[in-house]
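The sequence shown runs -27 to -1, 1 to 245 under mature numbering (1 follows the signal peptide of the UniProt record, and there is no 0).
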Amino acid sequence: MQLDTRRSFLQASLLTGFALAVQPVMASTIQTDAAGLDTGWVKIGELPAFQARPNNASGPLPTIIVIQEIFGVHEHIQDLCRRLAKLGYLAIAPELFFRQGDPRTFTDVNLLIKELVSQVPDAQVMKDLDAVAAWAAQNGGDPARLAVTGFCWGGRITWLYAAHNPKVAASAAWYGRLTGAPSANNPVHPVDIAKQLKSPVLGLYAGKDQGISLESVEQMRQALKRQAQPFKLVIYDEAGHGFNADYRPNFHPAAAQDGWKTMLAWFKQFGV
């Protein structure tokens, strides 16, 4: 991607709004205000990232890296950052597809996956997340209280990053794919690296998920039993994939609310 294209992407990212592929959004969409918060876009090297933190915070803040869905850091992901900042966290969400393109501009989900998402190498993502963690530690975050959470595509990445970075204190993966065929960009999947986890991971899954089978969740559970890190897998029987996405028809309020509380308790349990 040329430098001017990157600059255009950052300028576009400064605007709020939802990705084209998910519009129109549902009336259930949650909108969190920025009162009492410092929010906005930063650049980590060339990587754009949205950050939110409480105003006038004293001392280093517990930090949560928020990993996007396939739709990028659109309004929903920004809102999740604001929700976490209201609770006292430094929340930061990097645009991890930045080098390959802008997911907001796609109107067709299948085309988005084929032409953009599948082109993003896991190794690139791990390196970018390392840069985000380092930036947070140098910009008001507490490196000893670092957590990661991710949704859908970001849920899978959350598992991988928990096996990659020993400095992460705890993670929460929301309906992230666990198994799959290896490829050049995705050589391993969470079930393949379960024994390599370096910190506790919470997995939040849906009983009616059409893309992530309960069999694969059970396969992951068995793999996790053969490693030393604490883990917890929660299945919401009546929910479908993306149950926390309040802007989409598959939003399941009860599962979303319980998952959010469970995630926060998980982070507190491990000091974040």
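Just so you know, even glycine gets a beta-carbon here, dropped at the ideal spot from N, CA and C.
As the structure is a prediction and not an experimental result, all values here were calculated from the model.
Locate the alpha helix (DSSP H) running through G232, then write down its first and last residues.
Taking the sequence shown and counting its residues from 1, the one referred to as residue 232 is at position 259. Looking at the DSSP string, the run of the alpha helix (DSSP H) that includes G232 is P226 to Q242.
Could you pull the start and end residues of the alpha helix (DSSP H) that Y134 belongs to?
Sequence index remark: in the sequence shown, residue 134 carries index 161 (1-based). Start and end: W126 to H137.
Minimum length 4: unbroken alpha helix (DSSP H) runs contained in the stretch 11 to 79
DSSP runs (the alpha helix (DSSP H)) wholly in the stretch 11 to 79: 48 to 59.
So is R77 buried or exposed if we call it buried at 16+ other beta carbons inside 10 Å?
Counting from one through the sequence shown, the residue named residue 77 turns up at place 104. Looking at its Cβ environment, which holds 16 or more other Cβ atoms inside 10 Å, R77 is buried.
Looking at L133: is its Cβ nearer than 8 Å to the Cβ of D95?
As a first step, residue 133 is located in the sequence shown; it is residue number 160 there, counting from the start. As a first step, residue 95 is located in the sequence shown; it is residue number 122 there, counting from the start. Contact flag set, yes.
With distances taken Cα to Cα, identify the nearest neighbour of V229 among W239, L177, G184 and L60.
Along the sequence shown, one-based indexing puts residue 229 at 256. Position check: residue 229 holds Ala in this sequence, whereas Val was assumed. Per the Cα distances, L177.
Quick check: the stretch 99 to 106 against the stretch 150 to 159, are there 3 or more CB pairs under 8 Å?
Taking 8 Å as the limit for Cβ pairs, the verdict is that the stretch 150 to 159 does not touch the stretch 99 to 106.
Inter-residue spacing [alpha-carbon to alpha-carbon] between N138 and V15:
Position 165 of the sequence shown holds residue 138. Position 42 of the sequence shown holds residue 15. Answer to the nearest angstrom: the Cα atoms are 23 Å apart.
With the cut-off set at 8 Å, would you say E19 and W126 are in Cβ contact?
Residue 19 sits at position 46 when you count from the first residue of the sequence shown. Residue 126 sits at position 153 when you count from the first residue of the sequence shown. Between E19 and W126, the C-beta gap is not smaller than 8 Å, which leaves the two residues out of contact.
If I follow the unbroken beta strand (DSSP E) through L206, where does it start and stop?
As a first step, residue 206 is located in the sequence shown; it is residue number 233 there, counting from the start. Counting along the chain, the beta strand (DSSP E) containing L206 begins and ends at F204 to Y209.
Taking only the alpha-carbon atoms, compute the straight-line gap between R129 and G32 and give it to the nearest angstrom.
To locate residue 129, count along the sequence shown from 1; it is residue 156. To locate residue 32, count along the sequence shown from 1; it is residue 59. Taking the straight line joining both Cα atoms gives about 32 Å.
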